[in-house]
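Participant:
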Amino acid sequence: CHIGQSAHGGHYISYKKEKGEKEKDDKWWKIDDKRVIECSKFPFPKGMPLGQHETPYFLIYQLESFVAPSPRQINPGLINEAEKSNKNFLAEIQNYEGALSAVVSKVK
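Per the UniProt record's numbering, the very first residue in the sequence shown carries number 1; after that it's consecutive.
1. List in chain order: all unbroken beta strand (DSSP E) runs of 3+ residues lying wholly within the UniProt domain "USP" (1-64).
2. Nearest-angstrom Cα distance between Gly9 and His2?
3. Based on Cα-Cα distance, which residue from Glu21, Tyr15, Ala7 lies nearest to Glu64?
4. Check this for me: beta carbons of Glu18 and Lys27, under 8 Å apart or not?
5. Pro71 by DSSP, collapsed to three states: which one?
6. Mapping the DSSP letters down to three states, classify Phe66 as helix, strand or coil.
7. Less than 6 Å between C-beta atoms, sequence neighbours within five positions excluded: which residues of the same chain meet that for Cys39?
8. For Lys84, does the three-state DSSP call read helix, strand or coil?
9. Going by alpha carbons, who is nearest to Ile13 out of Gln5, Val36, Leu90?
If you want it as structure tokens, here you go:
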């Protein structure tokens with residue numbers, strides 16, 4: 001929230017809602033530069049004229065429920081291709097490590 005006459009001056013604060021087990025157990029916190037205090041109620045009453053007092057300008061919402069997408073079947077050809085690629089990559093690593101070991105032993 002911004003407290004002040006314009007965007008060129010004033011003070012910025014934040015409010016955070018902490019969800020309780022039930023809606024009546026929800027808490028609001030006012031977060032300032034110097035302190036964090038619990039608010040006794042929702043900090044923005046309905047019908048509050050904007051531009052006066054504290055004006056909210058950035059709001060973040062949290063989704064209350066989420067429906068997970070149904071699992072998809074992966075094309076078996078893609079799985080085989082990925083496994084083949086991984087096997088080739090591991091073989092390249094082993095070849096590199098063997099060549100590196102041979103060079104290191106010659107240097108010593």
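We put the CB at the ideal spot given by N, CA and C, even for glycine.
Facilitator: Short version:
1. Listed in chain order, they are 2-6, 9-12, 14-18, 27-31, 36-39.
2. Spanning the two alpha carbons is a distance of roughly 9 Å.
3. The residue from Glu21, Tyr15, Ala7 with its alpha-carbon nearest to that of Glu64 is Glu21.
4. Cβ atoms of Glu18 and Lys27: closer than 8 Å.
5. Pro71: coil per DSSP, three-state reduction.
6. In this structure, Phe66 counts as coil in the three-state DSSP scheme.
7. Excluding residues within five positions, the ones whose Cβ falls inside 6 Å are Trp28, Lys30.
8. Three-state DSSP puts Lys84 in a helix.
9. Cα-wise, what sits closest to Ile13 is Val36.
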